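As given, the protein sequences belong to chains A and B, one line each in that order.
Using our numbering, you'd call the opening residue of the first sequence number 1 and step up by one each time.
Using our numbering, you'd call the opening residue of the second sequence number 1001 and step up by one each time.
Heads up, the beta-carbon is just placed ideally off N, CA and C, and yes, glycines get one too.
Since the structure is predicted, the reported quantities are computational estimates derived from the model, not experimental observations.
Data first, discussion second: the structure below is written as structure tokens.
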Amino acid sequence: MTVATPTQAPAPAPQRAGRRGRRGGDGPGRGRLGRLDHAVSPYAYIAPFFILFFVTGLFPLIYTGWVALHDWDQIMGQGAFVGAQNFVDVLTGDDFWTALVNTVSIFVLSSVPQVLAALAIAGLLDHKLRAATFWRMGVLLPYVVAPVAVALIFSNLFADRFGLINTLLETVGVEPVRWHSDRLASHVAIATMVNFRWTGYNALILLAAMQAIPRDLYEAAAIDGASGLRRFVSITIPMLRPTMIFVIITSTIGGLQIFDEAKMYDQYGRGGSDGQWQTLTLYLYELGWTRADFGRASAVAVLLFLLIVAIGLVNFAFSRRIASEESR
Amino acid sequence: MHTTRRRMLLATTAAATLALGACGGGSGDGDDSDSSAGGGEGGGDITLSVATFNEFGYEDLLTEYEEMNPGITVQHVKADTADNARAALRNSLGADSGAADIEAIEVDWVTEFQQYPDKFADLSSPDVEGRWLDWKTEAVTLENGMLLGYGTDIGPEALCYRADLFEQAGLPTDREEVAALLEGDWDTYFEVGRDFVAETDIAWYDSAGALWQGMINQVEQPYETPDGEIIATDNPEIRDLYDQVLAASVDDGLSAGLGQWSADWTAAFQGDEFATMLCPAWMMGVIEGNAADIEGWDVANVFPGGGGNWGGSYLTVPAQGDNIEEATALAAWLTAPEQQIKAFEARGTFPSQTEALDSDTLAESSNAFFNDAPTGEIFAERAEAVTVTPFKGPKYFEVNTAMQDAISRVDVDETDDPESSWAKFVSAVDDLR
């Protein structure tokens, strides 16, 4: 549970270097085979990961780009080379932009409250509690429930006419919300499902980081008369920055790929009669699987990839600035 | 430390069980077909998989087939909706693996799959000639004589209604009087509906989208011409029907504004939300399931604008299977008149076989939920009333989906008026061209 403070960390490094240097001195005794072993075997050790990554990661990525440049029917396969035509078709249609706005809107509505709530829950769990494991596992429970089951439960909550929420609203005399017609309302409903699933998961990650914060910092602050809230804001949150960045990046990637919740939100799974909650991944699915046009679907996939890379770079620059601020 | 870990393990197990339990409902058992190599006794054991959707009524029949044929094990893979079954079949045809030995397809996608004759086995055989209604077979026969699938059921349409609500409105409740009252075209149906709504303030039917299915299945060339041109947006017949159904649904308030198959639609069966429904034979099973414990449903031998067929399926044998011969034999057996009558009795899927339609068993069958209506007799007559076989081209499914969206925007979501929703429909169809 103890963590090395920054001043301790660099100390062991020279030692290790020294030992390696001595082992290098054995070289002439082992001969060429030994040197070869030294030079090649590390690559062999890491090769499985890279081979796997190539097969399951890089190859599909490049192949998608290849498909995007062709007329490509789902069943008939490869057709004529069409260059950038698929991209032009996608980018000049309204559907792509609607889907993009929906995706970003659902992403913002889910990620921001999610990280804040996760932080609050982790802060509460960081106290000394009775049956701590029970509470910690409890917040993870929504995460292990299958998304499809979550969607079924929430579709009963958010049904327009006879849903639980609208029934409650009507009993207190408030106008029912048109969950499946109004664009923003549908985004809120889907974001709620996403939050239900992911908040606990993020809370546990943040909790792990919180527990690694040296307790003496809190004690010192307490002696100086800092309140609980003050200690949370001035010690916990700054110490959590690297973990926060991890949480924000993973929830960004997840947020831009929202699919299950949006697909299960109504009976047709196409994102609403007017595309109210059609996300980019749903649009991709409709192009590829309903219209059998893998070419255009791949073009959307490539654009989505570029979007995630772009946002990832922004995130990276942002986190570098925070990290350098921290070391100052 | 030790106890903590054990407690953790317990919690994890509990959570995992929950997750597994939750998965079980949705994902089905599609993967099972690969794992078991056949459980029957004797030599040459084979396993045949049959992929269907919704309710085909095949459960008992497949067990019967296994008993008759030792050495053959049948796996039944059931998709929850027709759309998911279509997506799964398309996927496995594209990948050239993963399809079941027998795949059920819906009438609305038939032309779409006719584009890929190489992917299916030719099922034509002298044994099955003349087994089905002519229009049922013609829809799956290619120009070169290849038979793509064996017909299972058809969806001749009658009208289901709530007799108790009819009484409330002072309308006749007896199914023959109701049939006489509603005999006529769509205007007659809407006219009676307007009186009903004025009297009771209850909607006349569930959804404009459902009505559209009834209407579009009476149009000879709805969206495409046989030479592949999409005429959906220029066909005056389509625009007229669109205006007619939305004027009745929204302006006159005849529709309950429920999206078909939505959670609200399903829940509405438990209340007094609407009085009539277009009722293809298979819809009876749906109504009975959703309206459990509600009394008053009945079915009348009448349909606006004459007859109509909504839905119905075929069994196909994908060419990628290992046991094409055995699969064909099973498909032929399942779609034989005797078996299809049993499926009708189990799940209300109305047979498409001429011999089954004439049979005494069918003529005598009745449905207790629908006030003991002689459903066999009624639907056999409704099947005879079908005069139009609409031409459904390869883009039918997609154009109709866009049309259903257009109607939903006005009837259910109320985000558009008929004019602006039509404009969006036109742009969606342009996108398909």
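Within chain A, no C-beta atom comes less than 8 Å from the C-beta of SER1420(B); the nearest is roughly 10 Å away. Here LEU109(A) has HIS187, VAL188 and ALA191 as same chain residues with Cβ atoms under 7 Å from its own Cβ, once five neighbours each way along the sequence are excluded. Contacts with chain A at 7 Å (Cβ-Cβ) include GLY1094(B). The C-alpha of ALA1087(B) lies about 43 Å from the C-alpha of THR1200(B).
If you look at HIS70(A), you'll find it in the beta strand (DSSP E) that goes 70–73. From the listed residues GLY1308(B), ASP1174(B) and LEU1159(B), the smallest Cα separation to ILE1216(B) is found for GLY1308(B).
Taking a beta-carbon distance threshold of 7 Å, ALA1267(B) counts as an interface residue toward chain A.
When secondary structure is reduced to three states using DSSP, PRO1318(B) falls in the strand class. Annotated three-state conformation of ARG1162(B) is strand, per DSSP. Interface annotation, ASP1264(B): in contact with chain A, CB-CB separation under 7 Å.
Separation of PRO42(A) and ALA209(A) (C-alpha to C-alpha, rounded to the nearest whole angstrom) is 32 Å. Pairing ALA1300(B) with VAL1178(B) gives a Cβ-Cβ distance under 7 Å. Ranked by how close their Cα comes to the Cα of LEU1061(B), the residues ALA1275(B), ILE1230(B), GLU1338(B) and PHE1196(B) have GLU1338(B) in first place.
In the three-state reduction of the DSSP assignment, TYR265(A) falls in the coil class, being assigned neither a helical nor a strand state.
Here ALA1079(B) is bridged, per DSSP, to PHE1053(B). Residue-level contact check: TRP1261(B) touches chain A, since one or more beta carbons of chain A fall below 7 Å from its beta carbon. Think of a sphere of 8 Å around the beta carbon of ALA203(A): no beta carbon from chain B falls inside it, the nearest being about 15 Å out. Interface residue (Cβ-Cβ distance to chain A less than 7 Å): ASP1358(B) is not classified as such. The closest CA to that of TRP1297(B), considering only GLY1305(B), MET1284(B), GLU1377(B) and PHE1303(B), is found on MET1284(B).
Leaving aside the five residues that flank ALA292(A) on each side, the residues in its chain whose CB is nearer than 7 Å to its CB run, in chain order, ASP73, GLN74 and ILE75. Nearest C-alpha to ALA117(A) among ASP182(A), LEU284(A), PHE53(A) and PHE196(A): PHE196(A). Taking the Cα positions, THR1081(B) is about 20 Å away from PRO1394(B). Contact between the segment 1380–1388 of chain B and the segment 1100–1107 of chain B is absent: fewer than three C-beta pairs spanning the two stretches fall below 8 Å. For CYS1279(B), the closest C-alpha among the options ALA1423(B), TYR1161(B), ASP1411(B) and THR1141(B) is that of TYR1161(B).
Your pair ALA203(A) and LEU125(A) checks out as a contact, with CB atoms roughly 7 Å apart and the cut at 8 Å.
Counted as a single uninterrupted DSSP element, the beta strand (DSSP E) harbouring ALA1104(B) occupies residues 1102–1106. In the three-state reduction of the DSSP assignment, ASN1309(B) falls in the strand class, which pools E and B.
For the set ALA1203(B), ASN1323(B) and ASN1367(B), the Cα lying nearest the Cα of ILE1072(B) is the one of ASN1323(B). Using a Cβ-Cβ cut-off of 7 Å, SER186(A) does not count as an interface residue toward chain B, since no Cβ of chain B sits closer than that to its own. Between TRP1261(B) and GLY1155(B), the C-beta gap is not smaller than 7 Å, which leaves the two residues out of contact. The straight-line gap separating the alpha-carbon atoms of HIS1076(B) and ALA1099(B) is approximately 13 Å.
Under the DSSP definition of a beta bridge, THR243(A) lacks any partner. CA-CA distance, GLN1320(B) to SER1092(B), rounds to 9 Å.
Against chain A, the beta carbon of ASP1431(B) has neighbours under 8 Å at GLY93 and ASP95, listed in chain order. Between the segment 1182–1193 of chain B and the segment 1363–1378 of chain B, the count of C-beta pairs closer than 8 Å stays below three; the two stretches do not touch.
Taking all protein chains in view, the Cβ of ALA1275(B) is crowded by 16 or more other Cβ atoms within 10 Å, so the residue is classified as buried.
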